[in-house]
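Novice:
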Amino acid sequence: SETLSKIQPGSGDGQIGINISISAILFIIYIGGVLYFFARFVYLVIRLYLLAKRNRVTRQDGFRMVEIEEEISPFSFFRFLFINNESFNDSELHHVLEHEKAHIRQKHTTDHLFAHGLAVFQWFNPFAWQMRKALKSTHEYIADRQVIDKGFERIDYQALLLKQVIGYH
Numbered sequence: 006s007e008t009l010s011k012i013q014p015g016s017g018d019g020q021i022g023i024n025i026s027i028s029a030i031l032f033i034i035y036i037g038g039v040l041y042f043f044a045r046f047v048y049l050v051i052r053l054y055l056l057a058k059r060n061r062v063t064r065q066d067g068f069r070m071v072e073i074e075e076e077i078s079p080f081s082f083f084r085f086l087f088i089n090n091e092s093f094n095d096s097e098l099h100h101v102l103e104h105e106k107a108h109i110r111q112k113h114t115t116d117h118l119f120a121h122g123l124a125v126f127q128w129f130n131p132f133a134w135q136m137r138k139a140l141k142s143t144h145e146y147i148a149d150r151q152v153i154d155k156g157f158e159r160i161d162y163q164a165l166l167l168k169q170v171i172g173y174h
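Here this note's numbering is used: the first residue of the sequence shown is 6, the next is one more, and so on.
Written out as structure tokens, the structure is:
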């Protein structure tokens, strides 16, 4: 392999020999990226745990609803559904709950964790990140389709989705 720096021991200048190859440097950069993205993932999971811990959690129909006060879009993580109930009227809340329950029933969190794990180990690969984004979009379409198939009016559901996009970050 190529050598960036090579100092021979015993050359009379009192320095210790250093032999660093390009592949060693690339491996160190790769491991650094993996550690960074893994630490970021662990941080996000801890934030979810703390969010569930400091808010009211109720059990409903096989899932746990975490009633949050922050103005964020509803989301689910395994059997936990995080939602700000004050942001929706009763009809909208029913639509949102059906959407998130579809994610829970279909176990979309497992797919997301797999895609995220792939992106952690393939952090340098733009296709890994693109696949993760495409998977998320596909899951959203599936959940939306299940809400529409339950008989909700398309125009009302579209207005709700628009409200969520415009009203939240």
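All C-beta atoms, glycine included, are put in the ideal place defined by N, C-alpha and C.
Quick caveat: nothing in here was measured; it's all calculated off a predicted structure.
#1: So, helix, strand or coil for Ser81, using DSSP?
#2: Count the other CB atoms, across all protein chains shown, that sit within 10 Å of the CB of Leu165; report buried if there are 16 or more and exposed otherwise.
#3: Sorted by chain position, which residues of the same chain lie with C-beta nearer than 7 Å to Asn94's C-beta, five sequence neighbours on each side aside?
#4: Whose CA, out of His99, Phe42, Phe46, lies closest to the CA of Trp128?
#5: What are the boundary residues of the beta strand (DSSP E) that Ser26 is part of?
#6: What's the call for Lys168, buried or exposed, on a 16-neighbour Cβ count within 10 Å?
#7: Using 10 angstroms around the beta-carbon of Val101, count the other beta-carbons present and answer buried if the total reaches 16, otherwise exposed.
#8: Does the Cβ of Glu91 have 16 or more other Cβ atoms within 10 Å, making it buried, or fewer, making it exposed?
Specialist: Quick answer:
#1: Along the sequence shown, read from residue 1 onward, the residue named residue 81 stands at position 76. It is a strand residue.
#2: Mapped onto the sequence shown, residue 165 falls at position 160. Flag for Leu165 reads buried.
#3: The residue you call residue 94 lines up with position 89 of the sequence shown. Counting only Cβ-Cβ distances below 7 Å, and skipping sequence neighbours, we find nothing.
#4: For the purposes of this step, residue 128 is taken as residue 123 along the sequence shown, with counting starting at 1. Checked all of His99, Phe42, Phe46; the closest Cα to Trp128 is Phe42.
#5: Working through the sequence shown from its first residue, we reach residue 26 at position 21. Taken as a continuous stretch (DSSP letters only), the beta strand (DSSP E) holding Ser26 covers 24-26.
#6: Here residue 168 refers to the residue found at position 163 when the sequence shown is read from its first residue. Looking at its Cβ environment, which holds fewer than 16 other Cβ atoms inside 10 Å, Lys168 is exposed.
#7: Taking the sequence shown and counting its residues from 1, one reaches residue 101 at position 96. The residue is buried, with at least 16 neighbouring Cβ atoms inside 10 Å.
#8: Sequence index remark: in the sequence shown, residue 91 carries index 86 (1-based). It counts as exposed.
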